[in-house]
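Structure first, then comments.
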Amino acid sequence: MALQLYNTLTRQKQVFEPLDPANVRMYVCGPTVYDFAHIGNARPLIVFDVLFRLLRHLYGVDHVTYVRNITDVDDKINARAAERGLSIRQLTEETNAAFQADAKALGCLDPNIQPRATEHIASMIALIERLLLTRHAYVAEGHVLFDVPSMPDYGRLSRRPLDEMVAGARVEVAPYKKSPMDFVLWKPSAANEPGWESPWGYGRPGWHLECSAMSWQYLGEVFDIHGGGIDLVFPHHENEIAQTCSAFGHSVMANYWLHNGFLQVEGQKMSKSLGNFITIRQALKDWPGEVLRFNMLKAHYRQPIDWTLASLTESQRELDKYYPVATQFAVTSATLAPEFLAALEDDLNTPEAITVLRRLYRETLEGDVALAGTRFASSGHFIGLFQSELADWNPAPILFDKSHVEGLIAARLAARKAKDWAESDRIRDELIGMGIALKDNKDGTTSWEVKR
276 MALQLYNTLT RQKQVFEPLD PANVRMYVCG PTVYDFAHIG NARPLIVFDV
326 LFRLLRHLYG VDHVTYVRNI TDVDDKINAR AAERGLSIRQ LTEETNAAFQ
376 ADAKALGCLD PNIQPRATEH IASMIALIER LLLTRHAYVA EGHVLFDVPS
426 MPDYGRLSRR PLDEMVAGAR VEVAPYKKSP MDFVLWKPSA ANEPGWESPW
476 GYGRPGWHLE CSAMSWQYLG EVFDIHGGGI DLVFPHHENE IAQTCSAFGH
526 SVMANYWLHN GFLQVEGQKM SKSLGNFITI RQALKDWPGE VLRFNMLKAH
576 YRQPIDWTLA SLTESQRELD KYYPVATQFA VTSATLAPEF LAALEDDLNT
626 PEAITVLRRL YRETLEGDVA LAGTRFASSG HFIGLFQSEL ADWNPAPILF
676 DKSHVEGLIA ARLAARKAKD WAESDRIRDE LIGMGIALKD NKDGTTSWEV
726 KR
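Under my numbering, think of the first position of the sequence shown as 276, with each following residue one higher.
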């Protein structure tokens, strides 16, 4: 099966055809390093790590270039550094070190390149100069702004009406703008703010410009995949496209745009005001990184995910069951289950891949040890699971509500009687995830016991 990816640009699933199979290129928006990353930030980390692993498997480790930037110049950084009494460099170094540690704890591979915005100012100035030459930008009162009306197909990615774009962009109202939608490419810096000398005076780049410049420098004028969270579609990614396409005269910046869905906590939007704001660092104090990763992958990346204590507990239980089996087998990418790989090639369908993983686990226990066991261990390892030795894995204590277990078993028996096999299997998998082993008896009853 050929790799298919859902392209936000075309609003459809497409067969992935790289510009150059010998150099598959992907750019993903990285952190703005002013504070600890939250659990919502973990989702693109994990999603695009799985895609990176898959691309390396399909095209070769040496034939994939994954760039994830580090934004280390931003007004939020300036404000937080002043608030904490730190230099900007101290704050960004400290925050980036924490981010890198969090990503590693989540089982993410290092991207090939992690460029810092502050080290690419020359590329940003060069990009602005191209936009001025092509009359897609203008200088006004020490600012350089992108002239949005100069690009007829602006809004092609987000497909929003103009009035929604004006409201959604939260653009600064300024008398020197030609159009309310025009956005900053370069702005003046005060003496106590980070800045660089430029043809337009001492100043600093706009956020959108940073990604356009860094992707251009490392991946070229047009590349294969650009990824990020769904919240970045507008205005950030829309503005990246506007800058890059206008500067180089191409109709696209990247051929495939991938976006992961939102994350909410216990059914609510995550926010500090609601008291449900969770950083990756906080979550890692309570759960192994693999539990957070597995829990994230149980939902399809394009769908919203509800981050709940119940789902985390179930993910821990399930991995507790798998570890003693998985760690008995050597892992190689050559022994991936074909149907597991096919699920990933179908727009990173990790829920289906995990369904395959569960079946392989059952088959291993039922006696098909050599083949199913090797495929089970290799497939799980491929998506970043089973990275520890068994001795290093700490199972959670098994806590369960007996009446809840028996209620689920009764519901499963009812589903089997109605020949609703899909529901029966779903309930069985839920019980397995809770650490409950079932035995269907000849008299039609089901007995159960708690097992690791």
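Cβ coordinates follow ideal geometry from the N, Cα and C atoms, glycine included.
{"Asked": "Among L402, E705, P463, nearest to K573 - alpha-carbon criterion", "Found": "E705"}
{"Asked": "Sequence ranges, alpha helix (DSSP H) only - wholly within the region 588 to 648, length at least 4", "Found": "613 to 620, 625 to 640"}
{"Asked": "Whether E565 touches G382 by CB criterion (8 angstroms)", "Found": "yes"}
{"Asked": "Whole-angstrom distance between R633 and H679, CA atom to CA atom", "Found": "22 angstroms"}
{"Asked": "8 angstroms CB neighbourhood of V336 in its chain, flanking five on each side removed", "Found": "none"}
{"Asked": "Beta-carbon proximity of I345 to R286, cut-off 8 angstroms", "Found": "no"}
{"Asked": "Simplified DSSP state of E513, which is helix, strand or coil", "Found": "helix"}
{"Asked": "Same chain, Cβ closer than 6 angstroms to T720, neighbours up to 5 away in sequence not counted", "Found": "none"}
{"Asked": "Proximity of I396 and P480 at Cβ, strictly below 8 angstroms", "Found": "yes"}
{"Asked": "Per-residue burial, V419 [other beta carbons within 10 Å of its own, 16 or more giving buried]", "Found": "buried"}
{"Asked": "Burial state of H411, where buried means 16 or more other Cβ atoms lie within 10 Å", "Found": "buried"}
{"Asked": "R487 and F498 closer than 8 angstroms at C-beta", "Found": "The question names Arg, but residue 487 in the sequence shown is Ser. No; because the gap between Cβ atoms is not below 8 angstroms, this pair is not in contact."}
{"Asked": "Distance, L587 Cα to N570 Cα", "Found": "6 angstroms"}
{"Asked": "Beta-carbon spacing of F421, L406 below 8 angstroms", "Found": "yes"}
{"Asked": "For A517, the nearest candidate out of G504, E496, I505 (CA to CA)", "Found": "E496"}
{"Asked": "DSSP-derived helix/strand/coil call for A378", "Found": "helix"}
{"Asked": "Ordered list of alpha helix (DSSP H) runs contained in the region 471 to 527, each at least 4 residues", "Found": "482 to 494, 513 to 523"}
{"Asked": "Stretch-stretch touch, CB-based, cutoff 8 angstroms, three pairs: the region 597 to 612 with the region 652 to 669", "Found": "yes"}
{"Asked": "For V342 and L494, believed in contact at Cβ under 8 angstroms, the rounded distance", "Found": "6 angstroms"}
{"Asked": "Q578: first and last residue of the uninterrupted alpha helix (DSSP H) it sits in", "Found": "Counting along the chain, Q578 falls outside any alpha helix (DSSP H), and DSSP gives it neither H nor E."}
{"Asked": "Delimiting residues of the beta strand (DSSP E) encompassing A412", "Found": "412 to 415"}
{"Asked": "K453 and G478 closer than 8 angstroms at C-beta", "Found": "no"}
{"Asked": "Beta-carbon spacing of A612, R637 below 8 angstroms", "Found": "no"}
{"Asked": "Cβ pair count under 8 angstroms reaching 3, the region 322 to 332 against the region 461 to 475", "Found": "no"}
{"Asked": "Beta-carbon proximity of M456 to V423, cut-off 8 angstroms", "Found": "yes"}
{"Asked": "3 or more residues per run - each beta strand (DSSP E) lying fully within the region 321 to 373", "Found": "339 to 343"}
{"Asked": "E468 versus A558 - alpha carbon distance", "Found": "34 angstroms"}
{"Asked": "Buried/exposed call for Q591, threshold 16 Cβ in 10 Å", "Found": "buried"}
{"Asked": "Simplified DSSP state of F552, which is helix, strand or coil", "Found": "coil"}
{"Asked": "P463 - DSSP class collapsed to helix/strand/coil", "Found": "strand"}
{"Asked": "Pick from L584, Y576, R435 that is closest to P510, judged by C-alpha positions", "Found": "R435"}
{"Asked": "Spatial neighbours of T409 in its chain, beta-carbon cut-off 8 angstroms, leaving aside the 5 residues before and after", "Found": "S521, A522, G524"}
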